[in-house]
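Trainee: I have a structure here, written as structure tokens, and I will follow up with some questions on it.
In the UniProt record's numbering, the protein residues as written are 1 to 169.
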């Protein structure tokens, strides 16, 4: 299977509660198309957290840009918005950036001329197809599968020499 490297997807949207669930489905479809099924749940949860933060802290109907980029080795997800307040990792944890940190290999923020970008990455190696080949049995496994050993027939008792010898008088 040949994988086209540096796959890229970008969507601009106005953040609202309804759009967050729509975007989850769109991202899941892209990850399936890129054969990254194992990453659908954590990536969608991370994007949901970032978009919820934009909705909560920047405001309703705020434009933002969600970008996915897969290099064949790393998947980077970023959410850019025009809010000026930089996000903070709270010590209480439980949600927001704490959850993004738990779902990713690395994450960060940076200021832009229009606002800020929050991003996270996940190690997402190129998917490989595995050819299933039957393996030979393990050594010693055949011992338990041997047919039962035939038990020799009992030999009938024959007359002994003392029985056949004439008795001396």
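Ideal placement from N, C-alpha and C gives every residue a C-beta, glycine not left out.
Check whether the segment 105-112 and the segment 56-65 are in contact - that is, three or more C-beta pairs closer than 8 Å.
Mentor: no
Trainee: Quick check on DSSP: helix, strand or coil for residue 48?
Mentor: helix
Trainee: How would you write the range of the alpha helix (DSSP H) that residue 77 sits in, first residue to last?
Mentor: Where residue 77 is concerned, there is no enclosing alpha helix (DSSP H), although the beta strand (DSSP E) it sits in stretches over 74-81.
Trainee: Please report the straight-line C-alpha distance between residue 114 and residue 85, rounded to a whole angstrom.
Mentor: Each residue's Cα considered, the two are about 12 Å apart.
Trainee: According to DSSP, what are the bridge partners of residue 106?
Mentor: 121
Trainee: What are the start and end residues of the alpha helix (DSSP H) that includes residue 24?
Mentor: 17-33
Trainee: Counting C-beta neighbours from all protein chains within 10 Å, is the total for residue 151 16 or more, i.e. buried, or is it exposed?
Mentor: Per the 10 Å Cβ criterion, exposed.
Trainee: Per DSSP, residue 111 forms a beta bridge with which residues?
Mentor: 116
Trainee: Report the option in 88, 36, 28 whose CA atom is closest to the CA atom of residue 126.
Mentor: 36
Trainee: Nearest to residue 67 by alpha carbon, out of 38, 26, 102?
Mentor: 26
Trainee: Using the Cα positions of residue 99 and residue 70, report the straight-line distance between them to the nearest angstrom.
Mentor: 21 Å
Trainee: Following the continuous beta strand (DSSP E) through residue 11, name the residue where it begins and the one where it ends.
Mentor: 7-14
Trainee: Are the CB atoms of residue 51 and residue 40 within a distance shorter than 8 Å?
Mentor: No, they are not a contact pair.
Trainee: How many angstroms separate the CA atom of residue 102 from the CA atom of residue 48?
Mentor: As the crow flies, the alpha-carbon of residue 102 is around 14 Å from that of residue 48.
Trainee: If you reduce the DSSP assignment to three classes, tell me which class residue 157 lands in.
Mentor: coil
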